[in-house]
Structure formats: structure tokens, C-alpha cells
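Chemist:
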Amino acid sequence: MGVEKIKAAFENGKKAFIPYVMGGDGGLEKLKERIRFLDEAGASIVEIGIPFSDPVADGPTIQRAGKRALDSGVTLKGIFHALAEVRQEVQIPFVLMTYLNPVLAFGKECFIESCLEAGVDGIIVPDLPYEEQHIIAPLLREAKIALIPLVTVTSPIERIKKITSESQGFVYAVTVAGVTGVRQNFKDEIHSYLEKVKSHVHLPVVAGFGISTREQIEEMITICDGVVVGSKVIELLENEKHEEICELIHAVKETEEA
Numbered sequence: 014m015g016v017e018k019i020k021a022a023f024e025n026g027k028k029a030f031i032p033y034v035m036g037g038d039g040g041l042e043k044l045k046e047r048i049r050f051l052d053e054a055g056a057s058i059v060e061i062g063i064p065f066s067d068p069v070a071d072g073p074t075i076q077r078a079g080k081r082a083l084d085s086g087v088t089l090k091g092i093f094h095a096l097a098e099v100r101q102e103v104q105i106p107f108v109l110m111t112y113l114n115p116v117l118a119f120g121k122e123c124f125i126e127s128c129l130e131a132g133v134d135g136i137i138v139p140d141l142p143y144e145e146q147h148i149i150a151p152l153l154r155e156a157k158i159a160l161i162p163l164v165t166v167t168s169p170i171e172r173i174k175k176i177t178s179e180s181q182g183f184v185y186a187v188t189v190a191g192v193t194g195v196r197q198n199f200k201d202e203i204h205s206y207l208e209k210v211k212s213h214v215h216l217p218v219v220a221g222f223g224i225s226t227r228e229q230i231e232e233m234i235t236i237c238d239g240v241v242v243g244s245k246v247i248e249l250l251e252n253e254k255h256e257e258i259c260e261l262i263h264a265v266k267e268t269e270e271a
């Protein structure tokens, strides 16, 4: 499990489709149901958001999903319990997307122990600067849980190399300056940015933030090793448009066969 399980998702040139679900949106039984569906549909990794009251990196769709989860009384402990249960049924790697505050409020050691019990393989902490990774990175490394770094369009290449030098899992390349959410198109500079990141890091590079259409997925996947689709997946799950999610997954799988 852990780092090795994430690594296996990219082996032999495999491209990764990584859907995002908000933990507890619709209830914990719904979370388990959605993970089962995404596993069966062929997703490579599932990213599970931890709801938080001040989600600075999230766009409106994910913010609303987080608010629904919090309003329903979902807790981090409850999410861990649900993940531990569904982990018995699925093999898909789990990556948590959480802000730092819930980790510290839960207690770092308790958080990591709960990750291990729930079969969590990696975590992303969007508001944890590289300079403060020592807060949690050594504990995660000891537990063999990947701390997945984020790099942005505005990150100088030397900083990208520093951020990713000791990282594990994959590199999350943020494709927009701003919050998550659906975007209409991607500029040429995004392509050169992604190619630059790919040429300077030792890990698979996954593009995320704003990717929502089959065309965007096909565009990104020619440059990157995978894509994260968040807001669009939340919308489709909410409206039970499972077939459309399958089509997005197939867009990635088809590039492997091309």
C-alpha cells in the first residue's frame, strides 16, 4: 500500500484518471458507493476531499459539496471509518486532499494512524508551503504514505525542483492561477509549463484544476501522466450521470491504446 500502490498506477506507461469526491457529501454510505463505482469504472486513483470551513483553493462546486458535508454533520473520524470499510472491497489507491488545519486539529499522529487504518496511500495539503513540510513529512514518510506536492504556473523551475526533490507519489501540476473549477480552454503557456515540469522532475506529473471536458483531458494527457477531474465529477455524481464519468475515464484509457 501507500507510495508503492500509487507508483503502480503509473507503471508501464499507464495514464491516470483521478476523480475527486468530497468526503461525506450525500452521507458516508454515498461516499462508499461512489468509491465502489469509480473503482469498477476503471479510475486509477480516487482523490477524497476532507470538508473544511475555509477552503481557500476550492472553486464554487467543491465549496458547495464541502458545505453540504459539514452541514450534515460529517466528521473526519467518520470519513476515516467509511474509508476503512470500503477499503476491504476495493484496490484503487486513496489520496486525501485536506487542508492543514483539520490535520493539526485531529492530531498529526492520530491523523496518520487513521490514514493507515483506512488504507490511505497519499495526501495532498494545498495550504502547506514547502518550507513547512517538516510539520508532517517525516511522519508520512515513516508510514510510507506519499505527501504529494503541488506546483503552479508561477513557480520558478528551481523552486519546482526543490519542492519535488524528496516528494513521492506524483507531482500535482496546477494548470490555472486561482481556485479549482470548470474552465473553457487552456492557453499555450500551460502546455510549455507542463512540459517544463515533466523535464525537471523524477515523478509522474498529473494536471489538475479546471479540467472538465473530454477534449481538455485528451489535450492534457498527451503531455502529462494523468489528470485530476474534480468539479465536473462532483456535478456528474450529484446528478447520477455515471455514464458521462465513464466516458471521461475512457478518454484517458484510449490514449494508452493509441
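One point on numbering: in the working numbering, the residue at position 143 of the sequence shown is 156, and numbering is uninterrupted. C-beta: ideal position from N, C-alpha, C; glycine also. All values reported here derive from a predicted model rather than from experimental measurement.
Here's a check: name, in chain order, each residue in its chain whose Cβ is nearer than 8 Å to the Cβ of G91, leaving out the five neighbours to either side.
Modeler: G37 and L41
Chemist: Can we say the stretch 77-86 touches the stretch 133-153, given the rule of at least three CB pairs closer than 8 Å?
Modeler: As far as the Cβ criterion goes, the stretch 77-86 does not touch the stretch 133-153, which means the pair count is below three.
Chemist: Per DSSP, what kind of secondary structure is D67 in: helix, strand or coil?
Modeler: coil
Chemist: Is V192 helix, strand or coil by DSSP?
Modeler: Residue confidence is low: V192 scores 49 on pLDDT, short of 50, so the model does not pin down where it sits. Its coordinate-derived value is still stated next. DSSP, read as helix, strand or coil, puts V192 in coil.
Chemist: Residue range of the alpha helix (DSSP H) that D84 falls in?
Modeler: P73 to D84
Chemist: Taking 6 Å as the limit between beta carbons, can you name the residues of its chain near V12, skipping five residues before and five after?
Modeler: With the chain covering 14 to 271 only, the question about residue 12 has no answer from this structure.
Chemist: Return yes when the Cβ of I173 is within less than 8 Å of the Cβ of L160, no when it is not.
Modeler: no
Chemist: For a quick check, are the C-beta atoms of H255 and F50 less than 8 Å apart?
Modeler: yes
Chemist: Can the beta-carbon of V240 be found closer than 8 Å to that of F183?
Modeler: No. Outside cutoff.
Chemist: Going straight from the alpha carbon of A56 to that of A70, what length do you get?
Modeler: 23 Å
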